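Some notes on the structure that comes next.
Residue numbers (the numbering used here): 198 to 275.
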């Protein structure tokens, strides 16, 4: 998983749509997930536009930055 400049995205969430099966990308932007044939994956990461892709071995995925301006940010600490 890469950003638009070709840098790996570390810690992006990858989930099989319709299930609770998921994982995150490693330091090189790679991931491995047990997904049924013909299933779809949802890829998400803060600051990037979420993307749905068909599960395929060895597929290269590039996420685009979400350039929308935030109106308000709320931080809650526990």
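Glycine is no exception: its CB is placed at the ideal position from the N, C-alpha and C atoms.
All values reported here derive from a predicted model rather than from experimental measurement.
First through last residue of the beta strand (DSSP E) which encompasses residue i
{"i": "residue 241", "result": "237–241"}
{"i": "residue 220", "result": "219–221"}
Per-residue DSSP class, three states only, for residue i
{"i": "residue 256", "result": "coil"}
{"i": "residue 250", "result": "strand"}
{"i": "residue 245", "result": "strand"}
{"i": "residue 213", "result": "strand"}
Distance, residue j Cα to residue i Cα
{"i": "residue 199", "j": "residue 274", "result": "30 Å"}
{"i": "residue 211", "j": "residue 224", "result": "14 Å"}
{"i": "residue 231", "j": "residue 201", "result": "26 Å"}
{"i": "residue 257", "j": "residue 229", "result": "13 Å"}
{"i": "residue 263", "j": "residue 206", "result": "14 Å"}
{"i": "residue 265", "j": "residue 249", "result": "20 Å"}
{"i": "residue 222", "j": "residue 241", "result": "10 Å"}
Buried versus exposed, by CB contacts within 10 Å (16 or more), residue i
{"i": "residue 203", "result": "exposed"}
Nearest neighbour of residue i, chosen from the options [CA to CA]
{"i": "residue 226", "options": "237, 233, 236 and 209", "result": "209"}
{"i": "residue 253", "options": "238, 219 and 245", "result": "238"}
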